[in-house]
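Residue 2 is where the sequence shown starts when you use the working numbering, and the numbers rise one by one after that.
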Amino acid sequence: MPLSPALAAQLRAHRIPFVEDAALVKKTWWRVGGPADGYVEATELQTLITLQRVCTEQGVPLFVLGNASNLLISDAGIRGVVVRLTDQLADVHPEPGGSLRLGGGLKLISFLRRAGREGWTGLEMVAGVPGTVGGAVRMNAGTRLGEISDPLLEAGVVLPDGSVSVIGAEDLGLSYRSSRLPDGGIVAWARFSRGEHSPEESRRLVDEHLAYRARTQPTDVPTCGSTFRNPPGDHAGRLIEATGLKGFTIGAARVSPKHANFLVNLGGATASDLRRLIELIQERVAKAHGIDLEPEVQLVGDWGSGR
Ligand SMILES: Cc1cc2nc3c(=O)[nH]c(=O)nc-3n(C[C@H](O)[C@H](O)[C@H](O)COP(=O)(O)OP(=O)(O)OC[C@H]3O[C@@H](n4cnc5c(N)ncnc54)[C@H](O)[C@@H]3O)c2cc1C
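What follows is the structure in structure tokens.
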């Protein structure tokens, strides 16, 4: 859908560049999904603040895209504006006292590469997680090495009225793969404590964990990582495998033969294929084990006409 002329006029008046009917598919890890009505790359804090305020005033939804590594965007796409944080909002600032302030748009994989070179430690637990700092805070991303909540001290969050709130980690409601950020809040930056490991130990932990992932997870095909949260005391992958769905395919969406909690796009899958596979898995697991699997991936966009 076209952006409302009033919003487009406001964006121009504030010199915020935007693209209409912007394709998102190549930005997503699953390589599926339709376009956004409007797309903005916010390169600095003031742009993000203005964009939040203007969208709120115009009643247009604003959705923040991280690295789209945990998103199933509908084939019909996202109504309203999608924003991505880049440049100054994806920076690294070592702070006096040893903490690190990381921009919300910073990709964790590039950060960890740089951390290895600079000797910064403390975020080993997100090794191999292909998200951004903001997406990782939102999801409380983690691995068997820990969760991002462990070193997180506070986050700078831009609220829908354009104000910026600095929220301590303890007030972000971080728990297993979830958070309670204020509604519509966008993490512009987050501050982390340095770790206790030596740089050498940190590099060893990261390398070992990456090798473990390469052995146990599909790494060469489009996926969104774990599709479902693990239910308490069990593993979603084990439950799915026990239903016999490993390798099962709908359209071009397949339950990975390597790890049943990973759904892969074999090439040309649609968001609807993936959604139908998600729902089929939920049905089969509920029937076989009496457990309701909850998606970890987020289904976003307009599903009304996209299925
Ligand atoms: C191959 C692969 C392996 C993975 N392995 C893991 C793993 O081991 N552990 C794990 O936890 N996850 C894993 N994931 C899932 C994913 O990488 C994480 O959930 C990650 O934190 C999502 O970050 P993102 O930037 O891609 O967010 P997106 O997928 O773009 O968005 C996810 C949610 O975060 C919100 N969001 C994004 N940026 C911001 C921001 N700045 N402020 C507020 N909200 C924001 C979005 O609006 C959306 O609601 C994996 C994914 C893939 C593809």
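The beta carbon of each residue, even a glycine, is placed where N, CA and C say it ideally should be. Bear in mind that the values here come from a model prediction, so they are computed numbers and not experimental data.
Distance, residue j Cα to residue i Cα
| i | j | result |
| --- | --- | --- |
| G307 | W30 | Confidence at G307 is low in this model, with a pLDDT of 43, below 50, so its placement is unreliable and the value that follows should be read with caution. If you take the alpha carbons of G307 and W30, they lie about 19 Å apart. |
| L101 | C225 | 27 Å |
| A7 | A116 | 44 Å |
| I17 | S164 | 18 Å |
| P219 | A289 | 25 Å |
| D293 | H15 | 47 Å |
| Q299 | R13 | 31 Å |
| G305 | R277 | 14 Å |
| V265 | V82 | 28 Å |
| E119 | G169 | 26 Å |
| V41 | G35 | 16 Å |
| A254 | S111 | 29 Å |
| E261 | Q47 | Here the sequence assigns Ala to residue 261, which means Glu is not the residue at that position. Each residue's Cα considered, the two are about 43 Å apart. |
| G39 | T51 | 15 Å |
| L275 | G252 | 9 Å |
| Q89 | E202 | 30 Å |
| E297 | R32 | 18 Å |
| G291 | I279 | 16 Å |
| E242 | H94 | 44 Å |
| L154 | C56 | 29 Å |
| L267 | P223 | 8 Å |
| P233 | A287 | 15 Å |
Proximity winner among the options, relative to residue i (alpha-carbon distances)
| i | options | result |
| --- | --- | --- |
| L73 | A270, G81, R54 | A270 |
| G185 | E148, L49, K247, K28 | L49 |
| G131 | N71, A91, R80 | As written in the sequence, residue 131 is Pro, which differs from the Gly given in the question. For the residues N71, A91, R80, the minimum Cα distance to P131 belongs to N71. |
| A137 | D162, S180, D172 | S180 |
| S176 | G238, G147, E201 | G147 |
| E96 | V256, A9, R192 | R192 |
| R205 | R277, N266, G123 | G123 |
| V158 | D151, I149, D172 | D172 |
| A9 | E58, T44, L267, S150 | E58 |
| R178 | E202, D151, D162 | D151 |
| Q53 | L267, P161, G268 | P161 |
| T144 | H94, P36, R230 | R230 |
| L182 | E284, A156, E125, V20 | A156 |
| V188 | M140, V61, E209 | M140 |
| V20 | V33, A43, D76 | A43 |
| H210 | E125, G234, G174 | E125 |
| S5 | A237, V93, V61, I251 | V61 |
| S273 | V301, L46, A23 | V301 |
| A24 | E45, L46, S75 | S75 |
| L113 | G268, R285, V207, P233 | V207 |
| G142 | N68, L63, E45 | Here residue 142 is Ala; the residue named in the question, Gly, does not match the sequence. Of N68, L63, E45, the residue nearest in Cα terms is N68. |
| R216 | E284, L281, K259 | K259 |
| R195 | E295, I282, G238, W121 | W121 |
Start-to-end residues for the beta strand (DSSP E) that takes in residue i
| i | result |
| --- | --- |
| A191 | 187–193 |
| S166 | 165–169 |
| F263 | No beta strand (DSSP E) contains F263, which DSSP labels as neither H nor E. |
| R214 | No beta strand (DSSP E) holds R214; the alpha helix (DSSP H) holding it covers 200–217. |
| L73 | 72–74 |
| A254 | 254–256 |
| Q299 | 299–301 |
| F64 | 63–66 |
| P313 | Residue 313 is absent from the model: the chain starts at 2 and stops at 308. |
| R102 | 101–104 |
Residue i: first and last residue of the uninterrupted alpha helix (DSSP H) it sits in
| i | result |
| --- | --- |
| I292 | No alpha helix (DSSP H) contains I292, which DSSP labels as neither H nor E. |
| R85 | That residue, R85, is in no alpha helix (DSSP H); its beta strand (DSSP E) goes 79–86. |
| L240 | 237–243 |
| G117 | 109–119 |
Whole-angstrom C-beta distance between residue j and residue i, which should lie under 8 Å
| i | j | result |
| --- | --- | --- |
| F249 | S227 | That pair is no contact at about 17 Å. |
| R85 | M2 | Incorrect: roughly 20 Å between the Cβ atoms, too far for contact. |
| L107 | A91 | 4 Å |
| D303 | G78 | 6 Å |
| G105 | T133 | 7 Å |
| R214 | G99 | Actually they do not touch by this definition, with Cβ atoms about 29 Å apart. |
| V256 | L240 | Wrong, their Cβ atoms sit about 12 Å apart, outside the cutoff. |
| V127 | I149 | 6 Å |
| L103 | W190 | 6 Å |
Min CB distance residue i to chain B below 7 Å
| i | result |
| --- | --- |
| G305 | Within the model displayed, chain B is absent; a lone protein chain is all it includes. |
* Asked: Where are the alpha helix (DSSP H) runs, 4 residues long or more, that stay fully inside the region 13–46, in chain order?
  -> The region 13–46 contains no whole alpha helix (DSSP H) run of 4 or more residues.
* Asked: Taking the runs of the alpha helix (DSSP H) that are 4 residues or longer, which of them lie wholly in the region 126–156?
  -> Listed in chain order, the alpha helix (DSSP H) elements of length 4 or more contained wholly in the region 126–156 are 134–140.
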